[in-house]
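Residue numbers (our numbering), protein chains in the order written: chain A, 3 to 135; chain B, 64 to 256. Just so it is clear, CB atoms sit at the ideal spot from N, CA and C, and this is done for glycine as well.
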Amino acid sequence: MIAAIILVCSIVFLLQFFVSYCRSLIAASSKQALSPEVRDVTGIAQSATGEDFARVMQLLRLCPESPEDRSRVQAVGAYFRLLSFVRSTAARIMPALRAWTETERSQCAYFAAVALERRIAFSRDMLAQQMDA
Amino acid sequence: MLACIFVSVGRFRVLFTHGFGSQEYAFFYYYSDVFLTIGLYFTLTSLYAHVFEEMAAEKSIRFGSILLLLGTALFSFAIVMQSGPRIAGRFFVEVSQNLNFVGLILTYVLWAAILKLRETRTRLIQLVLSLGIFFSLLAASFALRNLYPALHSVLQSLYPVTGCILPMTWAYAFWRFPEDARLVPARLAVVPR
């Protein structure tokens, strides 16, 4: 009985901490403006939507990974999947939840675009270093 | 982190000398696990001291944390006493599990305090949230192991993954966010405030 209570409590706490942690990662990159180049490549003209996420992630996979952002891109990817799951289940009967998941998904897409910008800069730095060498 | 490195080196030495199935390795593993858990527990209380530093509550936090640690040890001892022989070995396993759950509750309370006090230091927020994820995963896996002993082998392969979370997220927090970086914590709450 105690083990079952501990399990339920820890899963609820885990979800809360995980969501907050991912939102803290996203919030840190939300202030960063996207360059016109990345806007062109990703097709994000004004604001990102949840539908952009998959496309931006595909572009992200084409760039060499920088060790700096690998784990947080994975964390936000897991958060996006969680949001998509909530959107396709509980959010169907709760319109407020649907709006919230959509906003969160669009922020995930913006985060991925910022990560793409960083990876492009990282690739350019690597190329410049190789050219110098 | 330094303690973790020393313990890992020590574990490797004992493993290399006595073998995986030896009693020496089992004892060393569980004793060192308690040592690391207590270390993490005091790290958590130092995060409390950071959050409540303006209230000058450092002494009360230290006293409270020692009291809670002793209480957890006594509670674990009482449970082990009821469960039969080989008290010492079981006691350390029990203390470790209970301290992880106490750590989880304390981290949750600390997170609530951060939201309430509108603490804005990004690095501190990241440290607390990753500690919360780590403690929740550990507590969930211990609870699962108690509920479904057949899952033991599956869960055993998850421990190393769980163990990597804290060093990685903390290293990221220290490396990526400067001391003066600020964040609005209300934006991070699951329930909007």
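| Check | Outcome |
| --- | --- |
| Alpha helix (DSSP H) runs contained entirely in the segment 35-68 of chain A, provided each spans 4 or more residues | 38-44, 54-64 |
| Euclidean distance between Cα positions of residue 101 (chain B) and residue 58 (chain A) | 43 Å |
| Nearest-angstrom Cα separation, counted from residue 38 (chain A) out to residue 201 (chain B) | 44 Å |
| Assigned exposure category for residue 23 (chain A) - 16 Cβ within 10 Å defines buried | buried |
| Cutoff 8 Å; reference residue 240 (chain B); Cβ partners in own chain excluding five residues on either side | 185, 186, 189 |
| Segment contact, 8 Å Cβ cut-off, at least three pairs: the segment 133-140 of chain B with the segment 212-229 of chain B | no |
| Proximal chain B residues relative to residue 20 (chain A), where beta-carbon distance stays under 9 Å | 192, 195, 196, 199 |
| Per-residue burial, residue 245 (chain B) [other beta carbons within 10 Å of its own, 16 or more giving buried] | exposed |
| Bridge partners - residue 181 (chain B), DSSP secondary structure assignment | DSSP lists no partner for residue 181 (chain B). |
| Test item: CB-CB of residue 27 (chain A) and residue 63 (chain A) under 8 Å | no |
| Every unbroken beta strand (DSSP E) within the segment 90-128 of chain A, with a cutoff of 3 residues, ordered by chain | none |
| Reference residue 173 (chain B); option with closest CA among B:155, B:219, B:79, B:104 | B:104 |
| Endpoints, the alpha helix (DSSP H) within which residue 116 (chain B) is located | No alpha helix (DSSP H) holds residue 116 (chain B); DSSP gives it neither H nor E. |
| Proximity winner among A:66, A:92, A:108, relative to residue 126 (chain A) (alpha-carbon distances) | A:66 |
| Contact set for residue 51 (chain A): own chain, Cβ-Cβ below 7 Å, skip 5 residues either direction | 108, 111 |
| 6 Å CB neighbourhood of residue 135 (chain B) in its chain, flanking five on each side removed | 161, 162, 165 |
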